[in-house]
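Going by this note's numbering, the first residue of the sequence shown is number 70, and it counts up by one from there. Here a beta-carbon is modelled for each residue, glycine too, at the ideal position from N, C-alpha and C. Quick caveat, the model's predicted, so the values are computed rather than measured. Report on the structure given below.
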Amino acid sequence: MLTYELVVIGGGPAGLAAAIEAKKNGVEDILVIERDRELGGILQQCIHSGFGVHEFNEELTGPEYAERFINSILANKIDYKLDTMVLEITQDRMVKLLSPLDGVMTIKAGAVVLAMGCRERTRGALAIPGYRPAGVFTAGTAQRFINLEGYMVGKKAVILGSGDIGLIMARRLSLEGAQVEAVVEAMPFSSGLTRNIVQCLDDYGIPLMLEHTVVEILGKERVEGVIVAEVDENKRPICGTERLYECDTLLLSVGLIPENELSKKSKIEIDTLTSGPTVSESMETSVAGIFACGNVVHVHDIVDFVSQESKRAGKSAAKYIKKELIQKKDGIKTSPGRGVRYIIPHRICVDNLEGELELFLRVDNVYKLSKLVVKCDGKVVKEVSKRHLAPGEMEKLNIPLNLLSGKKYSSITVEVESEVDS
Ligand SMILES: Cc1cc2nc3c(=O)[nH]c(=O)nc-3n(C[C@H](O)[C@H](O)[C@H](O)COP(=O)(O)OP(=O)(O)OC[C@H]3O[C@@H](n4cnc5c(N)ncnc54)[C@H](O)[C@@H]3O)c2cc1C
């Protein structure tokens, strides 16, 4: 049977960064497995700029950012398989895969990094009344059609959901000559980055309709229009507020879900808040020797943070392979406090930390003039003032090691203290 010291599942920015870092840390024998026809993951279809500001101090397009990592994979002579889908992994790290070249094949891995990214929520999850006409796309599918395959998806569009992909596609459709009637969002705030609202909607005069939703899709063969209505505080459409928007296309940008069928099948513990695996400070899942990073753990807004997190996963996998990773059952558990939706990592072994602890979190609402308060066993150890917090913007907190080492804490909580809610 074929064996590798490390198998990385997914050749997006997370998988590539993890593989390169593992190599730099002494792992010789690495295989990256990617189901698509090329490496780079979702970045290959993100032809806009805005990537790499933290990682390279430059503004790159998605394919340019991916290219730097792909070049490093080639320079480091790391093996990869394309058009290859991983079907199953077991707790003892047997990886079953399928490809036109190899057929069904099983590989034994010393360690595994899960880097499968995430997928978009579809129309099925929304149950919008209407027939099933052509012209309803998830925003990412439309992006792939336009940017990679060379097909235009429509001439007049409404976009449901204000996630970053929807915002970016509003601009993309406008640049390609389509008319974008509106971006419709049920929440009282956008779930996308502020910079995307300004650069993709405001700059193109596209209205963002908060607290509205699409209640009906019209048309039998092709979309002919959508009915948009205002929603109440329980997200229920308000009768009498319905308005017809004539259009031939409806794009859905209504959330991303970590791609976790493989993780669930192998009984890796899943956080119900993120829908990704629970992870340690070393990005190790609940199963020893299986690590996870990138959008498969939690949905990131900025790829630079994906790369940083994934380097940690790659380095930790190398330590595991060299038997240098400290495995302790007890340790510090993190939990989201008031105003915080989730925190990554979920558990911390202080002995494995180098320099500082990085906490990633998202808040549950928009807060102005507020503080993020970090408490260890109920005692405040750090406070960070924030002018603006929003669910669409991931927050990163660095906790210096000297605040944690030798203290034997059992819990870390982060909460929002705010005078003004909006
Ligand atoms: C439209 C859009 C715009 C964005 N704009 C920006 C931006 O301006 N700036 C920025 O910094 N970030 C941006 N991002 C975010 C950034 O692209 C993501 O955070 C990043 O791509 C996530 O990396 P990943 O490797 O975790 O996932 P992905 O890039 O999704 O890669 C996962 C890979 O795993 C593969 N895979 C999945 N399952 C299997 C399997 N079973 N077997 C084999 N392979 C598998 C997939 O084919 C895929 O290639 C944007 C994202 C999108 C979608």
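Compute the minimum distance between the beta carbon of residue 399 and the heavy atoms of ligand 1, and state whether it is under 8 Å. no
Within 9 Å, strictly: CB atoms of residue 185 and residue 167: no
Counting beta carbon pairs with one atom in the stretch 220 to 233 and one in the stretch 245 to 262, are three or more of them shorter than 8 Å? yes
Bounding residues of the alpha helix (DSSP H) (the contiguous stretch that carries residue 200): No alpha helix (DSSP H) holds residue 200; DSSP gives it neither H nor E.
Comparing the CB of residue 104 with every heavy atom of ligand 1, is any distance shorter than 8 Å? yes
Residue 377, enclosing alpha helix (DSSP H) - first and last residue: 372 to 390
Touch check for the stretch 389 to 398 and the stretch 194 to 205: three-plus C-beta pairs under 8 Å? no
Can you say whether residue 71 is buried or exposed, counting buried as having 16 or more other CB atoms within 10 angstroms of its CB? exposed
Excluding five sequence neighbours on each side, which residues of the same chain lie with their C-beta closer than 7 Å to the C-beta of residue 159? 335
Would residue 368 be called buried (16 or more neighbouring beta carbons within 10 Å of its own) or exposed? buried
Have a look at residue 97 and residue 91 and give me their C-alpha separation to the nearest angstrom. 8 Å
Whole angstroms is fine: what's the gap from residue 480's alpha carbon to residue 180's? 28 Å
Would you mind sorting residue 404 into buried or exposed? The rule is 16 or more other CB atoms within 10 Å of its CB. exposed
Heavy atom of ligand 1 within 8 Å of residue 126 beta-carbon: no
Simplified DSSP state of residue 247, which is helix, strand or coil: coil
Simplified DSSP state of residue 491, which is helix, strand or coil: Residue placement at residue 491 is flagged as unreliable, the pLDDT there being 49, under the threshold of 50; the coordinate-derived value follows with that caveat. DSSP places residue 491 in coil when its eight states are reduced to three.
Thinking just about the alpha-carbon of each residue, which of 329, 261, 208 and 299 is nearest to the one in residue 278? 299
Rounded to whole angstroms, how far is the Cβ of residue 347 from the Cβ of residue 406, which I believe are closer than 8 Å? Not confirmed; about 18 Å, so no contact.
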